[in-house]
Amino acid sequence: MAENPTPTEKEIAEADAALKWHRPSIKGANFMKQPWFPLMVAAASLVIYVGIPALIAALLFRGGLVLLVTGVTFVRRDGLRASRLRVFWRALVAWSPVVLGAVLAVTLKPVFGIFGGALAAMMLTGGLAILSIALPKRGLADLLAGTWPVPR
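The sequence shown runs contiguously to residue 151 in numbering that gives the first Met the number 0.
Shown next as structure tokens:
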């Protein structure tokens with residue numbers, strides 16, 4: 000204790016200043032306290048628990064549980080049942096706003112901040128929702144995939 004007395008406040012400040020560049024900042028490491036964390040968890044949960052199973056169901060079963068329960072299937076222009084790849088393409092187009100919104104949010108984050116990027120992503124989703132209302136019989140995904148929803 001006699002050889003190493005308690006450092007003074009000035010010595011602690013000098014040591015912190017000297018070592019500041021050699022240690023990583025832990026400020027950003029606690030990401031759970033960041034304001035964007037709930038948005039990230041919600042988006043990841045949506046993709047993992049809803050989006051990926053919907054894409055797999057579209058590829059394997061030509062639709063998912065919701066289409067089976069509601070009695071809807073997809074057909075081509077000639078009235079034949081749409082192929083698995085066509086229905087999968089339709090599902091990819093339908094789920095693309097989630098990916099585009101995430102890309103938009105990350106791209107615009109440096110300019111507008113995380114909430115500005117998230118707002119732009121929500122505006123994209125809202126615009127597509129308005130487009131869906133404008134096309135009530137056949138949505139954008141159906142137009143691009145060349146499918147028509149019909150009763151089973």
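Even for Gly, the Cβ is constructed at its ideal location relative to N, Cα and C.
Local conformation of residue i per DSSP, three classes
{"i": "P96", "result": "helix"}
{"i": "W147", "result": "strand"}
{"i": "R83", "result": "helix"}
{"i": "T5", "result": "coil"}
{"i": "L127", "result": "helix"}
{"i": "K136", "result": "coil"}
{"i": "W35", "result": "coil"}
Distance CB(residue i)-CB(residue j) smaller than 8 Å
{"i": "V92", "j": "A133", "result": "no"}
{"i": "V65", "j": "W147", "result": "no"}
{"i": "L107", "j": "A119", "result": "yes"}
{"i": "G86", "j": "A57", "result": "It should be pointed out that residue 86 corresponds to Val in this sequence rather than to Gly. Yes; because the gap between Cβ atoms is below 8 Å, this pair is in contact."}
{"i": "G145", "j": "R76", "result": "yes"}
Span separating the alpha-carbon of residue i from that of residue j
{"i": "A117", "j": "S44", "result": "16 Å"}
{"i": "S168", "j": "I51", "result": "A question about residue 168 goes unanswered here, because the residues of the chain that appear run from 0 up to 151."}
{"i": "M122", "j": "V97", "result": "12 Å"}
{"i": "G62", "j": "K19", "result": "56 Å"}
{"i": "R151", "j": "R80", "result": "10 Å"}
{"i": "G100", "j": "A90", "result": "16 Å"}
{"i": "E13", "j": "M31", "result": "31 Å"}
{"i": "W88", "j": "S95", "result": "10 Å"}
{"i": "L59", "j": "G125", "result": "30 Å"}
{"i": "Y48", "j": "H21", "result": "41 Å"}
Looking at C-beta atoms only, is the number of pairs between the region 64-72 and the region 110-130 that lie closer than 8 Å three or more? The region 64-72 makes no contact with the region 110-130: fewer than 3 CB pairs, one atom from each, lie closer than 8 Å.
What beta strand (DSSP E) runs, 3 residues minimum, are completely inside the region 37-91? Fully enclosed beta strand (DSSP E) runs of 3 or longer: 71-74.
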